[in-house]
Amino acid sequence: MTRPIAHPLLLAAVLLTLLAGSLAAWAGWSWYGAAHEDSGGYAAERDEVLAAGEQAVQNLNTLDHRRLSGGLDLWEQSTTGELHQQLVGGRADFEKQVEQAKTVTTARVLSGAVTELDDRAGKARVLIALRVTVRAPEGEPSDKDSRMVGELTRTAGDWKLSALGQAPVGDTATG
């Protein structure tokens with residue numbers, strides 16, 4: 490003959506404790522798996538690339554003749570590779586042109602997207618839409634919307650612009 494359970498509340502408490510412990514273990518295992526999953530790291534890297542790309546493209550489209558040296562320093566800090574070498578090599582001539590024109594150019598990023606990301610190789614591409622405003626000494630400010638394609642390279646943990654050009658617009662086929 491089986492012995493009747495003396496304390497049904499004690500049995501219920503033990504069962505609930507086992508159930509709660511099992512649920513806690515499952516939740517902890519799920520959290521650990523999600524925290525160590527590669528897709529979360531990839532998404533964070535993509536966000537970092539986009540932020541760096543937007544900032545660098547904005548930097549290279551913003552320049553004030555009254556603070557020319559600092560602006561060109563920022564251009565150089567935002568770039569690497571061949572683009573960086575072009576900026577450094579052409580700096581003196583460009584300074585003369587901007588000082589003569591006395592222009593103030595400001596850029597504002599309208600939107601951006603990462604179009605390619607090779608995290609292992611440290612290479613990425615971005616597409617950035619921006620509005621560039623040019624203020625000359627005389628006349629009204631002029632706004633121009635532009636789409637730029639930028640290539641970024643990871644250098645010592647930071648992403649820097651290594652190439653920049655206009656994005657093709659519409660049908661570019663001829664004939």
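Once you know that position 88 of the sequence shown is 577 in our numbering, the rest is easy, because the numbers rise by one and skip nothing. We put the CB at the ideal spot given by N, CA and C, even for glycine.
Straight-line gap, residue i to residue j (C-alpha atoms, nearest Å)
| i | j | result |
| --- | --- | --- |
| G639 | S567 | 12 angstroms |
| L504 | L498 | 10 angstroms |
| L599 | W518 | 41 angstroms |
| V546 | G659 | 22 angstroms |
| D553 | L563 | 12 angstroms |
| S558 | E605 | 33 angstroms |
| G542 | K649 | 7 angstroms |
| A625 | K591 | 6 angstroms |
| A516 | G529 | 18 angstroms |
| G522 | R609 | 22 angstroms |
| Q544 | E537 | 11 angstroms |
| H496 | A532 | 53 angstroms |
| W520 | D647 | 29 angstroms |
| G664 | E565 | In this predicted model, G664 has a pLDDT of only 49, less than 50, meaning its place in the structure is not dependable enough to derive any value. |
| S628 | G578 | It should be pointed out that residue 628 corresponds to Gly in this sequence rather than to Ser. Using only the alpha carbons, I get a separation of about 32 angstroms. |
| G611 | D632 | 34 angstroms |
| N548 | D582 | 19 angstroms |
Which listed residue (the options) has its alpha carbon closest to that of residue i
| i | options | result |
| --- | --- | --- |
| D634 | N550, G517, V503 | N550 |
| G571 | A613, L653, A509 | First, the amino acid is wrong: residue 571 is Glu here, not Gly. Comparing Cα-Cα distances from E571 to each of A613, L653, A509, the minimum goes to L653. |
| P657 | T506, L641, R636 | R636 |
| A596 | G522, V623, D647, D582 | V623 |
| R643 | L539, G529, H496 | L539 |
| R555 | D582, V593, E534 | V593 |
| E534 | D632, E629, D607 | D607 |
| A645 | Q655, T569, E629, D632 | T569 |
Beta-carbon separation (whole angstroms), residue i vs residue j, contact threshold 8 angstroms
| i | j | result |
| --- | --- | --- |
| A613 | L641 | 4 angstroms |
Own chain, CB closer than 6 angstroms to residue i, minus 5 neighbours either side, in chain order
| i | result |
| --- | --- |
| A486 | Only positions 490 to 664 of the chain appear in this structure, which leaves residue 486 out of reach. |
Contact set for residue i: own chain, Cβ-Cβ below 7 angstroms, skip 5 residues either direction
| i | result |
| --- | --- |
| R580 | L561 |
Neighbourhood of residue i by C-beta distance below 8 angstroms, restricted to the same chain and skipping five residues each side
| i | result |
| --- | --- |
| P630 | T622, V623, R624 |
| Q655 | S635, R636, M637, V638 |
| S511 | none |
- Task: Flag this pair as touching only if the segment 602-619 and the segment 574-590 have three or more C-beta atom pairs under 8 angstroms; answer yes or no.
- Result: With the cut-off at 8 angstroms, the segment 602-619 and the segment 574-590 do not touch.
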